[in-house]
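Written out below as structure tokens is the structure these notes cover.
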Amino acid sequence: MALDLTGMPLVDRPDFEDLLAKGQFGPWSLEAERMHRDGFCVIDMGSPEMDRLCGSIIDQLSLRLAPEIAQWCQQQAGPPRLQDGWKDIPEIKTLALLPAVADLLKHLYGRVAFAFQSLNFVVGSQQSTHSDAVHFHSYPNGFMCGVWIALEDVSDDSGPLAYYPGSHRSPYLSARHLGLSPDQLRNEEHPQLLFEPAWQQQIAHDGLHQETFLPRRGQVLIWHANLLHGGLPVTNPLATRWSQVVHYYFDQCLYTTPMFSFAADQGGDDLRNPYRIENGRRRYTTEEWQAMGLTAPGAFRQASRPVERLRHA
Amino acid sequence: MPKWSSLRRLLRPERAPTSQQPLLHPLRGGIELVTPSLVAGWAFHPDVLLTDVKFLVGPHLISQAPLNGHRADVAENIGFDGCFGFQLPIPADFPLLFLDAPPQVIAVSEDGQERFPLQFLSDPHATASLLNQALQPDLRGLQGHFDGFNADGSALSGWAWRPGSLNTTIWLQAEDLPPRAIACNLTRPDLELIGHPADCGFALPLSEWPEAMGRRVKASFDQEGRLCLPQSQVPEMGFPEISGIIPTAPVPMEVEWISFSPVENGLSRSGPKESYLESTAPQPKLASTTSLDEHWQALEDFKLLMDHLEAKVDDLERIQPPLRRRSARFRLWR
Chain A
1 MALDLTGMPL VDRPDFEDLL AKGQFGPWSL EAERMHRDGF CVIDMGSPEM DRLCGSIIDQ
61 LSLRLAPEIA QWCQQQAGPP RLQDGWKDIP EIKTLALLPA VADLLKHLYG RVAFAFQSLN
121 FVVGSQQSTH SDAVHFHSYP NGFMCGVWIA LEDVSDDSGP LAYYPGSHRS PYLSARHLGL
181 SPDQLRNEEH PQLLFEPAWQ QQIAHDGLHQ ETFLPRRGQV LIWHANLLHG GLPVTNPLAT
241 RWSQVVHYYF DQCLYTTPMF SFAADQGGDD LRNPYRIENG RRRYTTEEWQ AMGLTAPGAF
301 RQASRPVERL RHA
Chain B
314 MPKWSSLRRL LRPERAPTSQ QPLLHPLRGG IELVTPSLVA GWAFHPDVLL TDVKFLVGPH
374 LISQAPLNGH RADVAENIGF DGCFGFQLPI PADFPLLFLD APPQVIAVSE DGQERFPLQF
434 LSDPHATASL LNQALQPDLR GLQGHFDGFN ADGSALSGWA WRPGSLNTTI WLQAEDLPPR
494 AIACNLTRPD LELIGHPADC GFALPLSEWP EAMGRRVKAS FDQEGRLCLP QSQVPEMGFP
554 EISGIIPTAP VPMEVEWISF SPVENGLSRS GPKESYLEST APQPKLASTT SLDEHWQALE
614 DFKLLMDHLE AKVDDLERIQ PPLRRRSARF RLWR
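Protein chains in written order, with my numbering: chain A, 1 to 313; chain B, 314 to 647.
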């Protein structure tokens with residue numbers, strides 16, 4: 001496996017307009033323009049088959065997450081969710097591997113994408129505003145994206161997804177860029193809190209405005225690695241917001257956790273060896289990893305996940 | 314001068330991509346500069362249209378750049394006009410800690426079929442180790458420039474920094490002396506105008522390094538002195554060309570680099586070939602003890618003797634000896 005550590009996503013390139021004029025994005029030109037300008041695009045995958053998949057996932061997770069859902073309804077726990085349900089629920093895996101999404105991503109980024117993580121939400125996540133590129137990113141930069149699939153129609157009292165169009169153009173952040181030390185990260189229960197002032201400053205500085213996503217079942221939002229987004233507060237605890245998020249990486253890159261990536265003398269970058277949902281294996285085999293001359297992935301062991309509003313409110 | 318791009322097809326028929334026919338001529342050019350943020354040089358092949366240069370570590374592509382730099386000196390050298398120069402950036406945020414595979418820089422043909430390894434021009438055997446050194450995590454991404462003497466000639470100055478790094482240190486190297494670490498934290502508003510942080514300058518007053526008087530001096534990113542800061546002539550000093558001097562210490566940088574160097578990234582685009590630069594700057598006020606004066610006098614006499622010998626060599630080589638100030642005690646050493 002040869003890495004290609006050069007270049008950037010096509011939608012981020014300075015010659016994007018030329019690429020667009022040359023028809024580089026094929027049938028996805030409108031989506032490419034939106035991704036380039038706003039940092040996200042929306043496609044409608046609604047169909048009877050999509051309805052069947054969404055319904056099946058909701059039915060299965062309603063049973064599986066019943067205790068967590070009950071606790072949530074009694075305000076005794078945070079929003080229930082399931083990470084990497086693709087491992088044992090075939091419908092989640094099917095949604096994570098939608099061929100249309102893979103085709104769109106290949107056109108917009110110029111490399112082959114692979115899904116590496118799924119998250120299923122029952123209600124609004126209430127995550128505070130963040131950029132995914134702090135939790136997982138790539139080298140070269142930008143070869144990561146999120147895909148948000150509505151499993152049901154979303155109402156505005158359910159804590160819908162909110163985002164800041166144009167925020168994807170802000171600088172990528174890491175612990176190194178903010179001058180954070182490993183000790184600072186270790187001593188913070190929710191390390192994302194250390195990054196939030198920088199994001200809020202960016203929003204104020206650039207005069208960014210929040211938009212809300214109120215999709216119908218089967219609508220899919222694809223967002224740029226650096227798009228600032230989060231979940232609005234849930235105003236009706238009985239309102240569900242069934243959704244599935246899939247995170248994608250792209251081929252021939254190195255994969256990192258910038259939240260735990262420090263200067264060289266403090267341990268350097270935190271490299272990841274993500275799953276490839278398609279075959280259920282790690283992206284690189286042990287042999288490939290060693291052949292690339294890489295250090296072991298995940299040198300800094302600490303959970304990296306967006307913070308829910310309730311936890312630090 | 315004829316343009317290579319238009320003459321090439323007339324002079325040499327296109328080779329089939331899979332042709333096993335041996336090439337008639339060797340590649341010309343190579344790597345002229347290796348720093349932790351840039352590999353630069355030129356490449357030309359009479360039989361093959363080269364379009365790109367790639368930096369590989371094992372099978373992994375680290376950096377690539379087109380061969381698109383116009384180099385009048387190269388055109389003069391090969392007799393064709395064209396764009397044969399390249400500059401390969403080494404990114405500062407490159408995330409690998411260790412690289413087990415051997416690094417190499419190759420020039421690639423338009424169709425990707427022909428690949429030519431490029432070597433460091435002044436020391437081909439050192440190519441891999443220099444490239445390796447440039448990729449070391451503690452150096453990777455460092456950029457800088459050794460200006461030589463400052464405007465009033467009282468200090469050695471320059472600048473260096475690395476994106477994402479708060480503290481940068483470079484090393485001043487004088488012949489036969491231990492390297493001297495210099496922090497790059499001096500505020501220089503002029504640097505901001507050319508896209509660098511304003512507080513990445515360095516300056517060492519000559520009076521603070523008296524033991525280096527009379528020695529050649531260079532600046533390097535690494536303590537060992539292998540990866541030198543690009544160094545340009547200080548225009549107002551009118552440093553002359555000094556021919557025929559063989560350095561007493563290894564010189565990691567191709568001497569001809571300066572004459573080929575592009576202006577971007579802090580590199581110079583000086584006209585004549587430079588080798589060692591001699592100061593015409595005002596000299597520092599030193600301790601006025603008798604013994605020190607005698608010491609300097611002895612050095613001055615020795616220098617005059619050396620100048621005399623050099624002039625003789627120049628005469629033998631039919632080279633016009635350059636104008637030189639006899640009082641110089643510091644030399645900038647490449």
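For every residue, glycine included, the Cβ atom is placed at its ideal position computed from N, Cα and C.
CB-CB under 6 Å to residue i, same chain, minus the five flanking residues each way: which ones, in chain order?
i       : result
V361(B) : S422, E427
N236(A) : D157
P357(B) : Note that residue 357(B) corresponds to Phe in the displayed sequence, not to Pro. Answer for F357(B): R341, G342, I391, F397, listed in chain order.
G514(B) : W472, L499, R501
H107(A) : F25, G26, W28
H168(A) : G39, H224, N226, L227
Roughly how many angstroms lie between the CA atoms of residue i and residue j, to the nearest whole one?
i       : j       : result
R111(A) : V11(A)  : 12 Å
Q544(B) : P349(B) : 15 Å
P79(A)  : Q126(A) : 8 Å
L272(A) : N141(A) : A small correction: the amino acid at residue 272(A) is Arg; Leu does not occupy that position in the sequence shown. R272(A) and N141(A): Cα-Cα distance of roughly 14 Å.
D44(A)  : G55(A)  : 17 Å
L519(B) : H130(A) : 51 Å
L193(A) : T285(A) : 34 Å
H458(B) : A420(B) : 27 Å
I559(B) : L336(B) : Low local confidence applies: a pLDDT of 26 at I559(B) is under 50, so the model's placement there is unreliable, with the coordinate-based value given in what follows. Going by the C-alpha atoms only, they are around 36 Å apart.
G354(B) : A162(A) : 49 Å
P359(B) : L444(B) : 27 Å
E537(B) : I483(B) : 11 Å
L232(A) : D265(A) : 39 Å
R186(A) : A175(A) : 12 Å
T94(A)  : A115(A) : 11 Å
C145(A) : Q200(A) : 21 Å
Q610(B) : L618(B) : 12 Å
E521(B) : C253(A) : 48 Å
L504(B) : A494(B) : 21 Å
V154(A) : D84(A)  : 22 Å
M8(A)   : Q210(A) : 27 Å
D614(B) : P404(B) : 48 Å
R647(B) : G461(B) : The predicted position of R647(B) is uncertain, since its pLDDT is 44 and thus under 50; no value can be drawn from it.
Q202(A) : S170(A) : 7 Å
Would you decide whether residue i is buried or exposed? Buried here means 16 or more other CB atoms lie within 10 Å of its CB.
i       : result
A414(B) : exposed
E577(B) : Summary for E577(B): the model assigns pLDDT 31, below 50, so the residue's position carries little reliability; its value from the coordinates is reported in the next sentence. Classification for E577(B): exposed.
V626(B) : exposed
I507(B) : exposed
M50(A)  : buried
T240(A) : buried
L490(B) : exposed
N226(A) : buried
G466(B) : buried
G207(A) : exposed
T212(A) : exposed
Q75(A)  : exposed
G425(B) : exposed
Rank the options by C-alpha distance to the C-alpha of residue i and give the top, closest one.
i       : options                            : result
L616(B) : R528(B), A388(B), F462(B)          : In the sequence under discussion, the amino acid at residue 616(B) is Lys, which differs from the Leu named in the question. Closest option to K616(B), Cα to Cα, is R528(B).
T6(A)   : V347(B), V352(B), L369(B)          : L369(B)
S138(A) : R186(A), I69(A), G46(A), A113(A)   : A113(A)
Y109(A) : Q24(A), E188(A), P274(A)           : Q24(A)
P14(A)  : K22(A), S167(A), H36(A)            : H36(A)
F433(B) : V347(B), P492(B), P416(B), F407(B) : V347(B)
F260(A) : L469(B), P372(B), T440(B), P408(B) : P408(B)
A525(B) : C497(B), A487(B), L542(B)          : A487(B)
At a cut-off of 8 Å, would you count residue i as near the ligand ADP, judging by its Cβ distance to the nearest heavy atom?
i       : result
G231(A) : With respect to the ligand ADP, the structure offers nothing, as it holds no ligand at all.
Contact criterion: CB-CB distance below 9 Å. Does residue i meet it with respect to chain C?
i       : result
F399(B) : In the structure shown, chain C does not exist; the protein chains are A and B.
If you drop the 5 nearest sequence neighbours on each side, which residues of the same chain put their C-beta closer than 8 Å to that of residue i?
i      : result
L3(A)  : Q252, C253, L254, M292
I58(A) : L151, E152, W242
Q60(A) : I89, E91
What does a CB cutoff of less than 7 Å around residue i pick up in its chain, not counting 5 residues either side in sequence?
i      : result
L65(A) : P80, L82, V122
Would you check if the region 429-447 of chain B and the region 376-388 of chain B touch, i.e. whether three or more CB-CB distances between them fall below 8 Å?
-> no
Evaluate the contact criterion for the region 385-399 of chain B versus the region 339-354 of chain B: three or more CB pairs, one atom per stretch, below 8 Å.
-> yes
Counting pairs of Cβ atoms below 8 Å between the region 142-155 of chain A and the region 216-229 of chain A, do you hit three or more?
-> yes
Cβ contact (3+ pairs, closer than 8 Å) linking the region 468-482 of chain B and the region 443-450 of chain B = no
Per the contact definition of three or more C-beta pairs closer than 8 Å, is the region 81-92 of chain A in contact with the region 165-183 of chain A?
-> no
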